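For the sequence shown, full-length UniProt numbering gives the first residue as 1, with consecutive numbering after it.
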Amino acid sequence: MDQLTDQKDKKKNKDDVYKKLLVKSDEAKTIRKIVAIICLTIVLIIAGGILAAYLYIQSALKPVDPKSTKTKAVEIPIGSTVSTIGTILEDDGMIKNKLIFKYYVKLNNETGFQAGTYKLSPSMDLKQIITQLKTGTVLKEAKVKFTIPEGLQLSQITTIIAKHSGIDKKEIDKKLDDPKYIKKLIKKYPSLISKKVLEKDVLHPLEGYLFPATYSFYESKPTLDQMINKMLIKTNSVIEKYRDQIQKSKFDLYDILTMASLIEEEATEKADRHKISSVFYNRIKVNMPLQTDPTVLYSLGKHKKRVTYEDLKVDSPYNTYKIQGLPPSPIASAGEMSIEAAINPAKTEYLYFLAASKTGTIYYSKTLAEHNELKEKYITSSKK
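Shown next as structure tokens:
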């Protein structure tokens, strides 16, 4: 009886083991199927992505609008990089994608682009556009043209824009101070316009960003967006030359533009901007206020030949006689020489400088005693 029970138990155990093996086998098959489906799905997604990318690139190489009969004047500023040219062409609706343009130019080793204003059409493909930018006929007569001198503040720049465009100055000023508009520009030019421009102490977000240069427009009535974009593109094309140097420095682009604006406002024709730059950086190093008069005038919103002691008392985050370090934003639009000097200050121990009243010559000193002697000699005595 016991033997029979043992045999039954053994048989039952064998059956149980067999059933478990069958279950495991079914599970393994199911897992293999799932893995196979996942792998196939991944392969199809990758293949689909590659195909989509290929088709997109092929599409980007073709004209934006093959049937278009319209032409547009497109300006390529002096010193434009391939990236800048791509941005201009995309903004003007001549190409579909600036990155595709950039890589196409590099892969095909295209060089010899010439600055100028060209007649281009959305019906042109990349090859035709590139050929035109190297050998095409440059337009000569602009419908609207104006020059922004170095060292102007935004309020002065908008006066010039209003005069030549016919757009009301108040409308221009309002738009350029509108946070919503500024956010759109930050999104469009993320490597150029800092988010710091929206901080509460900043008087005008685009101060220092509209590059001093001559601007030509070939439409009879260019929009404010077109004009501002062209000016920002110009600023970006100048900054691109120094991008690597800025990244290696202790200061970001916004600080560089702010410093450059101080140098621009203090410099005379005879000034060595690199030495002026060194004075400001040396003062920052030793925690001395920058004490530069143009920031006081910016605080007052006035243009005066001479700053009084009463003016120095103005309560403003821009008054560098009261604050430490740089003001909250640039105080004017600096030219390239001042930008370069802000990036590459001279190596000096100077902490003071002044401009002689009669000649405009800049004199530098290491100590306050030396500075006062120079002040007596070249400024105070000249008034007597």
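Even glycine gets a Cβ: it sits at the ideal position worked out from N, Cα and C. This structure is a prediction, so every number in the text was calculated from the model and none was measured.
**Prompt:** Does the separation of the CB atoms of threonine 295 and threonine 268 fall below 8 Å?
**Reply:** If you number the sequence shown from 1, residue 295 lands on position 295. If you number the sequence shown from 1, residue 268 lands on position 268. Taking 8 Å as the Cβ cut-off, threonine 295 and threonine 268 do not qualify as a contacting pair.
**Asked** So, are the CB atoms of tyrosine 242 and isoleucine 85 less than 8 Å apart?
**Response** Numbered from its first residue, the sequence shown carries residue 242 at position 242. Numbered from its first residue, the sequence shown carries residue 85 at position 85. Cβ atoms of tyrosine 242 and isoleucine 85: not closer than 8 Å.
**Message:** Across the segment 81 to 101 and the segment 230 to 249, are there enough close Cβ pairs to call them in contact, namely three or more that are closer than 8 Å?
**Reply:** yes
**Delimiting residues of the beta strand (DSSP E) encompassing leucine 120** = Position 120 of the sequence shown holds residue 120. Element bounds for leucine 120: 116 to 120.
**Request:** With 8 Å as the threshold, decide whether the Cβ of leucine 185 is near any Cβ in chain D.
**Result:** The displayed structure is made up of one protein chain only, and chain D is not part of it.
**Asked** Which of the three DSSP states, helix, strand or coil, is assigned to methionine 1?
**Response** Within the sequence shown, residue 1 is the residue found at index 1, counting from 1. Its pLDDT being 49, under 50, methionine 1 is placed unreliably in this model, and the value from its coordinates should be taken loosely. If DSSP states are grouped into helix, strand and coil, methionine 1 belongs with coil.
**Request:** Would you grab the beta carbon distance between lysine 175 and leucine 232 for me? Rounded to a whole angstrom, and I think it's under 8 Å.
**Result:** Here residue 175 refers to the residue found at position 175 when the sequence shown is read from its first residue. Here residue 232 refers to the residue found at position 232 when the sequence shown is read from its first residue. Actually they are not in contact, since the Cβ atoms of lysine 175 and leucine 232 sit about 14 Å apart, beyond 8 Å.
**Request:** Decide yes or no for the touch test of the segment 333 to 348 against the segment 253 to 260: beta carbon pairs closer than 8 Å, at least 3 of them.
**Result:** yes
**Asked** Should serine 191 be labelled buried (16 or more other beta-carbon atoms within 10 Å of its own) or exposed?
**Response** As a working mapping, residue 191 is identified with position 191 in the sequence shown. It is exposed - the Cβ of serine 191 has fewer than 16 other Cβ atoms within 10 Å.
**Message:** My assumption, with CB atoms under 8 Å, is that tyrosine 364 sits in contact with tyrosine 352. Please give the rounded CB distance.
**Reply:** For the purposes of this step, residue 364 is taken as residue 364 along the sequence shown, with counting starting at 1. For the purposes of this step, residue 352 is taken as residue 352 along the sequence shown, with counting starting at 1. The Cβ separation is near 7 Å, so the contact holds.
**Asked** Are the beta-carbon atoms belonging to asparagine 287 and glutamate 349 less than 8 Å from one another?
**Response** Numbered from 1 along the sequence shown, position 287 holds the residue referred to as residue 287. Numbered from 1 along the sequence shown, position 349 holds the residue referred to as residue 349. Pairing asparagine 287 with glutamate 349 gives a Cβ-Cβ distance that is not under 8 Å.
**Request:** Measure how close the beta-carbons of lysine 196 and tyrosine 254 come, nearest whole angstrom, since I'm counting them as under 8 Å.
**Result:** If you number the sequence shown from 1, residue 196 lands on position 196. If you number the sequence shown from 1, residue 254 lands on position 254. Right, the Cβ-Cβ distance comes to about 5 Å (below 8 Å), so this counts as a contact.
**Prompt:** Between which two residues does the alpha helix (DSSP H) harbouring isoleucine 95 extend?
**Reply:** Counted from its first residue, the sequence shown places residue 95 at position 95. Run containing isoleucine 95: none; DSSP gives neither H nor E here.
**Request:** Note down, in chain order, each residue of its chain lying with its Cβ closer than 8 Å to the Cβ of methionine 1, except the 5 sequence neighbours on either side.
**Result:** By one-based count along the sequence shown, residue 1 stands at place 1. Here methionine 1 scores only 49 on pLDDT, less than 50, and its place in the model is too uncertain to base an answer on.
**7 Å Cβ shell around leucine 374 - same chain, five flanking residues per side excluded** = For this step, residue 374 is matched to residue 374 along the sequence shown. Take leucine 374, set aside five residues on each side of it, and the residues of its chain with a beta-carbon closer than 7 Å to its own are Leu354, Tyr363 and Ser365, in chain order.
**Request:** Report buried or exposed for histidine 303, applying the criterion of at least 16 other Cβ atoms within 10 angstroms of its Cβ.
**Result:** Walking along the sequence shown from the start, residue 303 turns up at place 303. Its Cβ having fewer than 16 others within 10 Å, histidine 303 is exposed.
**Prompt:** What residue does the alpha helix (DSSP H) around valine 238 start on, and which one ends it?
**Reply:** For this step, residue 238 is matched to residue 238 along the sequence shown. Element bounds for valine 238: 224 to 240.
**Prompt:** So, are the CB atoms of tyrosine 218 and alanine 115 less than 8 Å apart?
**Reply:** Reading the sequence shown from its first residue, position 218 is the one you call residue 218. Reading the sequence shown from its first residue, position 115 is the one you call residue 115. No, the pair does not count as a contact, with Cβ atoms beyond the cut-off.
**Prompt:** Leaving out the 5 sequence neighbours to the left and right, which residues in its chain are closer than 8 Å to leucine 4 when beta-carbon positions are compared?
**Reply:** Position 4 of the sequence shown holds residue 4. Residue placement at leucine 4 cannot be trusted, given a pLDDT of 48 that sits under 50; what the coordinates show is reported in the next sentence. Counting only Cβ-Cβ distances below 8 Å, and skipping sequence neighbours, we find nothing.
**Request:** Output the boundary residues of the alpha helix (DSSP H) element that contains tyrosine 181.
**Result:** Locating residue 181 in the sequence shown gives position 181, where the first residue counts as 1. Taken as a continuous stretch (DSSP letters only), the alpha helix (DSSP H) holding tyrosine 181 covers 179 to 188.
**Message:** For proline 122 and glycine 93, which I take to be in contact (beta-carbon distance under 8 Å), what is that distance rounded to the nearest angstrom?
**Reply:** The residue labelled residue 122 in the question sits at position 122 within the sequence shown. The residue labelled residue 93 in the question sits at position 93 within the sequence shown. Right, their Cβ atoms sit about 6 Å apart.
**Prompt:** Hey, glutamate 266 and alanine 334: beta-carbon distance below 8 Å or not?
**Reply:** Looking up residue 266 in the sequence shown gives position 266. Looking up residue 334 in the sequence shown gives position 334. No; because the gap between Cβ atoms is not below 8 Å, this pair is not in contact.
**Request:** Tell me, please, which residues DSSP counts as bridged to serine 216.
**Result:** Counting from one through the sequence shown, the residue named residue 216 turns up at place 216. In DSSP, serine 216 forms a bridge with Lys145.
**Prompt:** Near isoleucine 160, what residues of its chain come up, given a Cβ to Cβ distance below 7 Å and the 5 sequence neighbours on each side ignored?
**Reply:** Walking along the sequence shown from the start, residue 160 turns up at place 160. Only Phe146 and Ile148 meet the Cβ criterion.
**Asked** With respect to the beta strand (DSSP E) encompassing alanine 73, which residues constitute its N-terminal and C-terminal limits?
**Response** Counting from 1 along the sequence shown, the entry for residue 73 is found at position 73. Alanine 73 -> beta strand (DSSP E) spans 72 to 76.
**Request:** State the Cα-Cα distance for the pair serine 220 and glycine 208, rounded to the nearest angstrom.
**Result:** Taking the first residue of the sequence shown as position 1, residue 220 is located at position 220. Taking the first residue of the sequence shown as position 1, residue 208 is located at position 208. Straight-line Cα distance between these residues: approximately 27 Å.
**Request:** With a threshold of 16 other CB atoms inside 10 Å of the CB of alanine 369, please say whether the residue is buried or exposed.
**Result:** The sequence position of residue 369 within the sequence shown is 369, counting from 1. With fewer than 16 other Cβ atoms within 10 Å, it is exposed.
**Request:** Inspect the beta-carbon positions of serine 83 and lysine 102 and report whether they are closer than 8 Å.
**Result:** Start at 1 with the first residue of the sequence shown, and residue 83 comes out as number 83. Start at 1 with the first residue of the sequence shown, and residue 102 comes out as number 102. The answer is yes: Cβ separation under 8 Å.
**Item:** Backbone CA spacing between isoleucine 331 and threonine 361 [nearest angstrom]
**Value:** Reading the sequence shown from its first residue, position 331 is the one you call residue 331. Reading the sequence shown from its first residue, position 361 is the one you call residue 361. When rounded, the distance between both Cα atoms is 23 Å.
**Message:** Tell me which residue opens and which closes the beta strand (DSSP E) that leucine 354 is part of.
**Reply:** One-based indexing of the sequence shown puts residue 354 at position 354. Note, leucine 354: beta strand (DSSP E), 352 to 355.
**Asked** Any idea which residues DSSP pairs tyrosine 364 with across the strands?
**Response** Taking the sequence shown and counting its residues from 1, one reaches residue 364 at position 364. Partner(s): Phe353.
**Message:** For the alpha helix (DSSP H) containing aspartate 293, name the first residue and the last one.
**Reply:** The count along the sequence shown starts at 1 and reaches residue 293 at position 293. Residues 293 to 300.
**Message:** Within the continuous alpha helix (DSSP H) that includes isoleucine 160, where are the two ends?
**Reply:** Taking the first residue of the sequence shown as position 1, residue 160 is located at position 160. That run of the alpha helix (DSSP H) goes 154 to 165.
**Message:** Does histidine 204 come out as helix, strand or coil in the three-state DSSP assignment?
**Reply:** One-based indexing of the sequence shown puts residue 204 at position 204. The answer is coil: DSSP assigns histidine 204 none of H, G, I, E or B.
**Item:** Inter-residue CB distance, serine 278 and alanine 356 (contact presumed, cutoff 8 Å)
**Value:** Locating residue 278 in the sequence shown gives position 278, counting from the first residue. Locating residue 356 in the sequence shown gives position 356, counting from the first residue. Their Cβ separation, rounded to whole angstroms, is 19 Å, which puts serine 278 and alanine 356 out of contact at 8 Å.
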